[in-house]
Amino acid sequence: MSLQSSIPSRAASECWQKHTLEEVHLCQDLINDVASALLHTILFTRAPGPVRPSECTCSSLPSITYALCGVGDVTRKVEFAVRSFEKRVQLALATAPIVATSRTGVIQKACFGYIKVTFLERKVKKALFGLMSNEEKLIFEEWILPMRVEQYTCSVDSLDHAKDLNTSYNQTGSQVQNCLLQIITLVQKIEQIPVTMYDFEITHYGSTHTPTTTFPK
């Protein structure tokens, strides 16, 4: 019988990369569409093996179409990360101060957070004549997806409220398109990618009531 322990993650080499996407401003009900589109695009373009592309269109942003990385484990990890981030944002917005109130009675709250995708190698090292093994995580790339999530509450029926939401949706769609293009550009750099199989982890941070300008390693 062998004992196994875990060694904290560290950068795999001097050339490890950290990519921070442009901040996306979005309504609370767009979190699933936006986060899923960005995460699946990153994971599809960084898949270590061949993946059959499956096209997916955002339900609330029909102008956004992306390649779905439809591998079972990948899909489960993405769905879990998005749900967890949604819950964190919901709790933050519940206590967030009002940042704006319009003439039409629309009350706006906002919070900031981000999702991080980490690509890494897992290496097992044996010690004590093979009786003990250590798993070491070697990080070679990180992606930061910052978001400003807004919540709108209308105290009166108003067509202006619907117009405001439509404008917000269009702006979010444009920002997501820019992020998708940014991802496609950044993935062209492959010097840090290992020749062996590798894994990924998705974590999320926030949500704060003030802009996030620094991101922990």
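Every number in this note's numbering is 84 more than the matching position in the sequence shown, counting from 1.
Every residue, glycine too, gets a C-beta built ideally from N, C-alpha and C.
If you're wondering where the values come from, they're calculated on a predicted model, not measured in any experiment.
| Check | Outcome |
| --- | --- |
| Tell me where the beta strand (DSSP E) around valine 108 begins and ends. | 108-111 |
| Could you pull out every residue in the same chain whose Cβ sits closer than 8 Å to the Cβ of aspartate 283, ignoring the five residues on either side in sequence? | Phe203, Leu204, Glu205 and Arg206 |
| Under three-state DSSP, which class holds valine 279? | coil |
| From phenylalanine 224 to proline 278, what distance separates their C-alpha atoms? | 8 Å |
| Taking C-alpha atoms, which residue in Thr129, Val108, Asp113 and Asn116 lies nearest to leucine 270? | Thr129 |
| Let me make sure I understand the geometry here. Which of Ala194, Tyr150, Ala176 and Leu177 has the alpha-carbon closest to that of valine 183? | Ala194 |
| Closest by CA to asparagine 218, which one among Val208, Lys273 and Arg172? | Val208 |
| What residue range is occupied by the uninterrupted beta strand (DSSP E) comprising lysine 161? | Not the beta strand (DSSP E): lysine 161 falls in the alpha helix (DSSP H), residues 156-179. |
| Return the CA-CA distance between leucine 177 and serine 120, expressed in angstroms with no decimal places. | 21 Å |
| Less than 7 Å separating the beta-carbons of glycine 257 and leucine 122? | no |
| When you compare the CB positions of valine 233 and isoleucine 286, do they come within less than 7 Å of one another, or not? | no |
| Give the straight-line distance between the Cα atoms of leucine 152 and proline 181, rounded to the nearest whole angstrom. | 36 Å |
| From the DSSP output, in three-state form, read off leucine 145 for me. | coil |
| Touch check for the region 106-118 and the region 163-170: three-plus C-beta pairs under 8 Å? | yes |
| According to DSSP, simplified to helix, strand and coil, what is isoleucine 182? | strand |
| Alpha carbon to alpha carbon, how far is tyrosine 236 from proline 230? | 20 Å |
| State buried or exposed for glutamate 275, treating a residue as buried only when at least 16 other CB atoms are found within 10 Å of its CB. | exposed |
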